[in-house]
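Visitor: A single structure is presented below for examination.
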Amino acid sequence: MLVRNTCKYFTTLTLCFFATFSAYAQELPAGNLIVTTACSISEGYTVEQVIEEARSIDIADDGPNLIFYRYPIASNGAPSNRLMRAVYWQNMEHWASNSGPLGGGAARLNEMLSCENTNRTFNNNWNVGSGGDAYAGGENSQSLVAARPCLAAPGTTVQQFYSELTNFANMYRDQGDTTLMQLSQRFLGPRTDIEMGTGFLIRTIGEDAAGLARRFDMGAPGVGTPDGPIDVTCGDPSLFMSYVAHWGL
-17 MLVRNTCKYF TTLTLCFFAT FSAYAQELPA GNLIVTTACS ISEGYTVEQV
33 IEEARSIDIA DDGPNLIFYR YPIASNGAPS NRLMRAVYWQ NMEHWASNSG
83 PLGGGAARLN EMLSCENTNR TFNNNWNVGS GGDAYAGGEN SQSLVAARPC
133 LAAPGTTVQQ FYSELTNFAN MYRDQGDTTL MQLSQRFLGP RTDIEMGTGF
183 LIRTIGEDAA GLARRFDMGA PGVGTPDGPI DVTCGDPSLF MSYVAHWGL
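All letters in the sequence shown, in the order written, are residues -17 to 231 by this note's numbering.
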């Protein structure tokens, strides 16, 4: 099969989309905003207790569209009580207008969870292609999520990056894979020695944990980021168990 024989999962990502490089970058679809915050579970509480409490909070109709809490499984030095909060908004105006207290129950959650609210990161985010079915459209309350950091050389456009990722995702989609791929570009939350606009994250989200695991099983790992017409360098992905706290779509 094409993906098994020519594409080595996600290393590889670049090997596959460079091989299908199009001279015409695809227009970006409407995106959204993801605000991510690193949190720590307070002593005496478990992940399950935190998620149960987070799900009990009444979110206002004009509040965030989606809220997830992600527990690291394969990371780079994350402490065992780490929990990442990922909140999806329509855009910055939506966030600025409605990012106050979450509602009833938030005080209890704040006892269970300490979040670094002064170190949040803001990312423009786009779903790549069509046919992705993360969390089975909200039917599943948790899934595995893989997140791969990438750096693009100045002069590389988001449209080019998105276009080649779409080609890559479609090769898997043709085999019945329903994993959702997202491309996120960080624009707030500076990092040392990284030029503005060059930091990206490629995220893959399964319909459930087994779904993303099957995506990993579709190919063997390769070595390094191959050369190609788009100058992008990617690292190894992190893996998280992601819990749905609010599904407002």
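We put the CB at the ideal spot given by N, CA and C, even for glycine.
Since we're looking at a predicted model, the values are computed, not measured.
Taking only runs that begin and end inside the region 14 to 101, name each unbroken beta strand (DSSP E) of 3 or more residues, in chain order.
Guide: List check, beta strand (DSSP E) in window: 14 to 23, 48 to 56, 64 to 71 and 95 to 97.
Visitor: Just the C-alpha distance for residue 193 and residue 174, rounded to the nearest angstrom, thanks.
Guide: Roughly 35 Å separates the two Cα atoms.
Visitor: Buried or exposed: where does residue 90 fall if 16 or more other Cβ atoms within 10 Å of its Cβ makes it buried?
Guide: Exposed, since its Cβ has fewer than 16 Cβ neighbours within 10 Å.
Visitor: Output the distance between the C-alpha atoms of residue 3 and residue 189, rounded to the nearest integer angstrom.
Guide: Here residue 3 scores only 41 on pLDDT, less than 50, and its place in the model should not be relied on; the value that follows carries that caveat. Cα to Cα, residue 3 sits roughly 28 Å from residue 189.
Visitor: Do residue 147 and residue 110 count as a contact pair if the criterion is CB distance below 7 Å?
Guide: Yes, Cβ-Cβ distance for residue 110 and residue 147 is below 7 Å.
Visitor: Which whole-angstrom value describes the C-beta separation of residue 29 and residue 23, a residue pair presumed to lie in contact below a C-beta threshold of 8 Å?
Guide: Correct: roughly 7 Å between the Cβ atoms.
Visitor: Quick check on the DSSP output: what are the complete beta strand (DSSP E) runs of length 3 or more inside the region 137 to 180, in order along the chain?
Guide: Counting only runs of 3 or more, we get 162 to 170.
Visitor: At which residues does the alpha helix (DSSP H) containing residue 194 begin and terminate?
Guide: Taken as a continuous stretch (DSSP letters only), the alpha helix (DSSP H) holding residue 194 covers 191 to 199.
Visitor: Taking only three categories from DSSP, how would you classify residue 227?
Guide: Of the three classes helix, strand and coil, the one that applies to residue 227 here is strand, per DSSP.
Visitor: Using DSSP bridges, identify the partner residues of residue 133.
Guide: 181 and 215.
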